[in-house]
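S.K.:
Residue numbers (the numbering used here): 80 to 723.
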């Protein structure tokens with residue numbers, strides 16, 4: 080049990096609290112202090128770290144104050160509140176989980192990114208000489224301020240003087256004893272920053288202090304992306320999107336001095352697409368961007384981190400509405416009644432444009448640099464939609480039999496434009512008529528296919544929908560597209576997902592016998608199937624089973640031995656099918672005609688088989704062609720003799 084624990088000072092670093100406990104005690108050995116507080120002599124405490132045994136410490140010191148909790152030390156005496164806003168909620172929950180489980184955690188590798196080229200974490204302790212004097216006057220001792228140890232803080236925001244760096248590198252020299260600030264020790268020569276750099280450093284330190292004390296919860300990546308995108312647009316560098324990286328790079332380099340960017344290890348080349356700028360422009364990199372670099376971007380785009388988090392920004396390239404309506408045929412012409420503007424980017428030149436949408440339906444377009452539509456030359460080219468009010472009033476002008484010239488004066492259009500509007504209306508009427516004819520044609524065709532489908536259902540009542548589809552693919556495809564509900568209502572129930580339970584041997588045998596009987600009908604009507612498909616089909620197990628049900632269902636052949644045996648007696652080999660194809664071509668395409676051998680080979684699709692010398696296909700084709708041509712020569716001679 081601890082008999083004493085120092086009361087933490089406001090803004091005191093956790094490392095500093097442990098260091099004061101050590102110096103207040105009688106023991107000069109660091110290891111004994113670590114054992115007293117953390118139950119471990121071998122641990123290494125960094126000023127960016129929370130001890131992996133903080134839970135053990137809290138259990139010991141809570142007798143001195145109920146406020147001494149894990150959350151208290153994290154929120155009041157570490158850098159965690161500064162970092163938390165730029166991390167995911169899951170990351171923070173993981174940190175708390177590890178601390179409560181007393182697992183080893185090194186915040187120096189998780190608080191900030193360890194990527195090469197990132198903002199460097201401090202390896203030395205920093206202090207303000209003026210603050211240290213005040214601490215000794217108030218408390219009789221000094222302590223390390225947590226703000227001063229955050230990367231990017233090189234000045235005291237209270238006294239606005241440069242911080243002094245302690246000479247001992249406590250990261251690399253791990254066996255060094257605790258370091259305690261003492262105003263009598265002169266550790267460094269006086270540091271001097273030029274006026275501009277000093278102002279930049281003070282501003283950045285103030286932003287860090289703001290985030291440290293606001294203790295924000297985690298923000299979503301969408302929050303950052305949307306706000307950055309809005310601010311890019313507000314600053315005039317949002318478009319074109321392909322130039323955002325370069326324009327933001329130029330803006331940052333113009334805003335900050337090269338010395339500052341170098342101090343923060345954030346220098347970059349404007350044309351370097353791989354620089355850290357990419358992290359604030361893409362969804363995948365928001366949480367990979369160092370908090371200091373977020374601050375650099377925020378200050379550049381909206382002045383301060385406080386402005387970024389507390390102000391709402393809207394991209395309004397055309398100012399605030401309402402805007403005037405340019406509908407000459409409306410009773411509110413030139414009145415400020417347009418409440419809506421749709422901002423977009425031109426598809427070709429990538430410039431910002433706005434479509435001003437009035438409730439009367441009239442829509443006109445302005446470019447980003449245009450504020451007054453009355454000053455836009457050739458404004459009629461900017462009218463996107465005329466709207467229902469304009470069309471109604473235009474029809475009234477036509478009904479009153481005004482001439483095209485009179486209508487042109489009323490609408491501020493040329494007579495050629497009025498003539499074109501009337502021609503376009505006539506074309507629309509014609510197109511509507513064509514569309515109506517198309518709809519009538521679709522209805523007629525749908526009715527025809529419905530009749531064909533009903534006929535198939537009546538002829539083959541036991542067929543599945545897959546089998547019926549094979550018999551008339553055109554009807555199935557058309558009805559599935561244009562009247563799917565009717566097709567579902569007039570089709571066999573889908574077998575998908577049914578009969579998933581394991582069948583018995585008897586059930587398979589019964590099903591096998593049934594399929595054999597159906598297969599006999601299929602083989603008997605094979606020529607009819609080929610006629611429906613419009614091509615020859617090779618007689619195989621796969622082809623027959625596809626017509627019967629579906630090949631996937633009958634693919635496990637051991638379940639249907641009778642069906643397999645029956646089809647095997649009728650199955651065509653590849654060569655037999657090729658020969659049948661040759662005969663079919665001679666009986667159909669070349670019927671009554673003389674054909675060359677090469678024509679026959681190409682038409683029957685047996686060129687590869689002949690080239691590879693498969694079987695006797697070549698001799699077979701040559702014989703059939705020769706017999707076919709001889710027969711046609713005889714017929715032609717007989718016909719010629721009869722004509723004489």
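Don't be surprised by glycine CBs; every beta carbon is placed ideally from N, CA and C.
My output table needs one value for residue 712: the three-state DSSP class, helix, strand or coil.
M.R.: In the structure shown, residue 712 sits in a helix (DSSP, three-state: H, G or I).
S.K.: Give the DSSP-derived three-state secondary structure of residue 423 in the structure shown.
M.R.: Strand.
S.K.: Rounded to a whole number of angstroms, what is the C-alpha to C-alpha distance between residue 455 and residue 501?
M.R.: Taking the straight line joining both Cα atoms gives about 26 Å.
S.K.: Is the distance from the Cβ of residue 392 to the Cβ of residue 306 below 9 Å?
M.R.: Yes, Cβ-Cβ distance for residue 392 and residue 306 is below 9 Å.
S.K.: In this structure, how does DSSP classify residue 399 when only helix, strand and coil are distinguished?
M.R.: If DSSP states are grouped into helix, strand and coil, residue 399 belongs with coil.
S.K.: Do you know offhand how far residue 357's Cα is from residue 291's?
M.R.: For residue 357 and residue 291, the distance between alpha carbons rounds to 25 Å.
S.K.: I'd like to know whether the C-beta atoms of residue 284 and residue 240 end up nearer to each other than 9 Å.
M.R.: Cβ distance not < 9 Å, so residue 284 and residue 240 don't count as in contact.
S.K.: Give me whichever residues DSSP pairs with residue 455 in a beta bridge.
M.R.: None; residue 455 has no bridge partner.
S.K.: Residue 222 lies in the alpha helix (DSSP H); which residues open and close that run?
M.R.: Run containing residue 222: none; DSSP gives neither H nor E here.
S.K.: Hey, residue 103 and residue 83: beta-carbon distance below 9 Å or not?
M.R.: In this structure, residue 83 lies closer than 9 Å to residue 103 by Cβ.
S.K.: So residue 117 is in the alpha helix (DSSP H); what residue range does that whole segment cover?
M.R.: Note, residue 117: alpha helix (DSSP H), 109-117.
S.K.: According to DSSP, simplified to helix, strand and coil, what is residue 186?
M.R.: Because the pLDDT at residue 186 is just 42, under 50, the model does not fix this residue reliably, and the point stays unresolved.
S.K.: Residues bridged to residue 91 by DSSP?
M.R.: 224.
S.K.: Measure the C-alpha to C-alpha separation of residue 185 and residue 448 and round it to an integer number of angstroms.
M.R.: Note that residue 185 has pLDDT 48, beneath the 50 cutoff, so the model's placement of it is unreliable and the number below is only indicative. Spanning the two alpha carbons is a distance of roughly 53 Å.
S.K.: I'd like to confirm the pairing. Which residues does DSSP put opposite residue 446 in its beta bridges?
M.R.: Beta-bridge pairing links residue 446 to 432.
S.K.: Alpha carbon to alpha carbon, what distance is there between residue 113 and residue 85?
M.R.: Between residue 85 and residue 113, the C-alpha separation is close to 15 Å.
S.K.: Residue 234 by DSSP, collapsed to three states: which one?
M.R.: Residue 234 falls in the strand class under three-state DSSP.
S.K.: At the 9 Å Cβ level, is residue 339 part of the contact set with chain D, yes or no?
M.R.: Judged by its chain identifiers, the structure shown contains no chain D, having just a single protein chain.
S.K.: Quick check on DSSP: helix, strand or coil for residue 229?
M.R.: Residue 229 falls in the coil class under three-state DSSP.
S.K.: Classify residue 91: buried if its beta carbon has 16 or more other beta carbons within 10 angstroms, exposed otherwise.
M.R.: With 16 or more other Cβ atoms within 10 Å, it is buried.
S.K.: Would you mind reading off the limits of the alpha helix (DSSP H) that contains residue 405?
M.R.: Taken as a continuous stretch (DSSP letters only), residue 405 belongs to no alpha helix (DSSP H), as it is neither H nor E.
S.K.: Return the first residue and the last residue of the alpha helix (DSSP H) that residue 210 is part of.
M.R.: Residues 208-218.
S.K.: Throw me the rounded Cβ distance for the residue 222 and residue 95 pair, which I believe falls under 8 Å.
M.R.: Sure, about 4 Å apart at Cβ, within 8 Å.
S.K.: Suppose only complete runs of 4+ residues qualify. What are the alpha helix (DSSP H) ranges in the stretch 601-644, listed by chain order?
M.R.: Segments of the alpha helix (DSSP H) lying fully in the stretch 601-644: 605-612, 620-627 and 630-633.
S.K.: List the endpoints of the continuous alpha helix (DSSP H) containing residue 679.
M.R.: First-last of the alpha helix (DSSP H) with residue 679: 676-683.
S.K.: Between which two residues does the alpha helix (DSSP H) holding residue 464 run?
M.R.: Residue 464 -> not in any alpha helix (DSSP H); beta strand (DSSP E) instead, spanning 462-464.
S.K.: Thinking residue 258 and residue 250 are a contact (beta carbons under 8 Å), I'd like their distance in whole angstroms, please.
M.R.: Incorrect: roughly 12 Å between the Cβ atoms, too far for contact.
S.K.: Per DSSP, what kind of secondary structure is residue 270 in: helix, strand or coil?
M.R.: Residue state, collapsed to three classes: coil.
S.K.: Report the rounded CA-to-CA distance for residue 524 versus residue 441, giving the unit in angstroms.
M.R.: Their backbone Cα atoms lie some 41 Å apart in a straight line.
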